[in-house]
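Participant: Every position in the sequence shown, counted from 1, becomes a number in my numbering once 282 is added. Where is the CB? At the ideal position from N, CA and C, for every residue including glycine.
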Amino acid sequence: MWHLEIIGAGSVKFYLSTDTCPFRFLLGYNLVMLILGIDPGTATTGFGLVRLNGKGNEVVTWGLIETSKTLLKERRLDLIFEEIVALIKKHKPDVFVFEKIFFATNAKTVIAVGQAQGVMLLAASKTNVHVEEYAPGTIKKMITGSGRANKKEVQAHIRKILGSRVKSGAHKKTHFDNAADALAIALTHAFKLGESKSEARNIKSKTNTKA
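1. Taking only the alpha-carbon atoms, compute the straight-line gap between T409 and L346 and give it to the nearest angstrom.
2. Flag this pair as yes or no: are the beta carbons of G319 and F329 separated by less than 9 Å?
3. What residue from I425, G419 and G429 has the CA that sits closest to A438's CA?
4. Look up T326 in the DSSP assignment and say whether it is helix, strand or coil.
5. What does a CB cutoff of less than 6 Å around V413 pick up in its chain, not counting 5 residues either side in sequence?
6. Pick helix, strand or coil for N410, following the three-state DSSP scheme.
7. Using DSSP with H/G/I as helix, E/B as strand and the rest coil, what is T420?
8. For A431, which residues of its own chain have a beta-carbon under 6 Å away from its beta-carbon, when the five flanking residues on both sides are left out?
9. Out of K351, E340, V395 and I393, which one is the CA nearest neighbour of I443?
10. Which of helix, strand or coil does DSSP assign to D321?
11. What separation, rounded to the nearest whole angstrom, lies between the Cα atoms of S350 and A389?
12. Alpha carbon to alpha carbon, how far is K474 from I467?
13. For L309, count the other beta carbons within 10 Å of its own beta carbon; 16 or more makes it buried, fewer makes it exposed. Which is it?
14. How many Å lie between L316 and P418 at the Cα?
15. Here's the rule: buried if 16 or more other CB atoms are within 10 angstroms of the residue's CB, otherwise exposed. What is A464?
16. Which first and last residues belong to the beta strand (DSSP E) in which F380 is found?
17. According to DSSP, is T470 part of a helix, a strand, or is it coil?
18. Buried or exposed: which applies to R358, given that a residue is buried once 16 or more other Cβ atoms fall within 10 Å of its Cβ?
19. For L444, name the three-state secondary structure that DSSP assigns.
20. Counting C-beta neighbours from all protein chains within 10 Å, is the total for E365 16 or more, i.e. buried, or is it exposed?
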């Protein structure tokens, strides 16, 4: 379905949204898309929002959703759902991107992540946001150039993008690594769309820690 929006003096934006390929673009050929990357977890969920446009990619915002371990599991999942829905309504992303879940040695971790991701998929469905998934190796390769990179290397690249906005060794309570993983996931989708080269140093950042 096409939608037309007049923006200011003579600026026109068209929207095209289908179940299989939602996106927004400016009159002409420059693609404009808001990509919400999510790193799910029951205790801490990281999120990162990236804007893709004809001039490149911009990190718009990043942050965390944290729940107390004193709460019942179902209440924690409910809180995550509410926060994700609020995040979607505020920023109106065009696509919701996850990392595919792979088997791990810690079964409890896989179950917890799966439960959190299930809640987020429900949030995406309720708000009509398209969902994409990428394998861990794909994310590593797009961000660092190597599919064998470890998480610390991926996070280091994201820290370079954000620069002085994130101090190395920040308070553990912030769990920045979760937000870094979410940004890596969002940027992977941006790179996959072919609008920019997969070189982190070319990405502009105007990030803040407030959603």
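Facilitator: Let me lay it out:
1. 20 Å
2. yes
3. I425
4. strand
5. The answer, listed in chain order, is F378 and A406.
6. coil
7. The answer is helix: DSSP assigns T420 an H, G or I state.
8. K422
9. The shortest Cα separation from I443 among K351, E340, V395 and I393 belongs to E340.
10. strand
11. 21 Å
12. 11 Å
13. Only weak support exists for where L309 lies, its pLDDT of 37 falling under 50; the value from the coordinates is given anyway. Burial call: exposed.
14. 21 Å
15. buried
16. Segment V377 to E381, the beta strand (DSSP E) holding F380.
17. helix
18. buried
19. Helix, per DSSP.
20. With 16 or more other Cβ atoms within 10 Å, it is buried.
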